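One structure is given below, encoded as structure tokens.
What follows is the structure in structure tokens.
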């Protein structure tokens, strides 16, 4: 067994003219998917410009031909079912079916930026479940729908353009509620370990991911779904496990991800706003050996 897809996050930092170079380079070097993040604000980038995710992917579709384009992840902290379905299907149409719609719970600071309320993790988790179920209901053709905290009604337009299929749905999850949500609805499940893993190193980190893989399989069993029917995706680079530190680190991460049964490996790229990133040769050499 080997990884079937390699992905890269190009941070939505700085002007599009700079980000565009990152998308073109990622396609040329052999990545399968390029992702952007979906934030209204972020403590990692104070004082910098963050581009809007779906507008960025629409522009990316115009400067690439082959590579898939995704959100990692669209934030349910400020997205709602109908508007999410509309922007996702628009990108899916314009990109000729290349969208991977990654969706996650989002962060409290984005909820605060959107509506002045810093919601609890429990509140955000409930909203996440509603956005997922509501989004699927929109694409199924519902005109009215009621969730736990969100709803829509009076839809008179079509769910998607004629002849355009729905995009791959990637759901991010680490705890029991989000794993159950992914097991029930996802085409692809993604984990980065979770917010408490930033300081976990080496074997401890990979053991934690192994427990999450087991937890996801158990959640699939409870939903009556075959775990093998859902892609498994891991994002690395959030904490102390840094694949792009060296070619060796990248290859080691790929091997460990494969051993745990992951299908997709996604790594963080550096922003292009300040010129060409210094680690491009790591990506190029690692991808040459993994292909």
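Residue numbers (our numbering): 116 to 406.
Here a beta-carbon is modelled for each residue, glycine too, at the ideal position from N, C-alpha and C.
All values reported here derive from a predicted model rather than from experimental measurement.
- Note that the segment 398 to 406 touches the segment 143 to 154; at least 3 beta-carbon pairs, one per stretch, sit closer than 8 Å.
- Short of 8 Å from the beta carbon of residue 280, and not among the five residues preceding or following it, lie these beta carbons of its own chain, in chain order: 207 and 212.
- Within the segment 142 to 206, complete beta strand (DSSP E) segments of at least 3 residues are found at 148 to 151 and 183 to 186, given in chain order.
- For residue 308 against residue 324, the beta-carbon gap comes to about 6 Å, under 8 Å, which counts as contact.
- Within the same chain, Cβ atoms closer than 8 Å to the Cβ of residue 156 are found at 165, 224, 225 and 228, the five residues on either side in sequence being excluded.
- Non-local C-beta neighbours of residue 194 in its own chain, meaning closer than 7 Å and more than five positions away in sequence, comprise 246, ordered along the chain.
- Annotation: residue 117 is outside any beta strand (DSSP E) and is labelled neither H nor E by DSSP.
- In the three-state DSSP reduction, residue 224 falls in the helix class (H, G or I).
- Checking the DSSP bridge columns, you'll see residue 260 partnered with 267.
- Out of 349, 260 and 215, the CA that lies nearest to the CA of residue 173 is found in 215.
- In this structure, residue 286 lies away from residue 380, with their beta-carbon atoms at least 7 Å apart.
- Residue 298 sits close to residue 338, with the two beta carbons spaced by under 7 Å.
- The distance from the Cβ of residue 220 to that of residue 293 is about 7 Å, consistent with a contact at the 8 Å cut-off.
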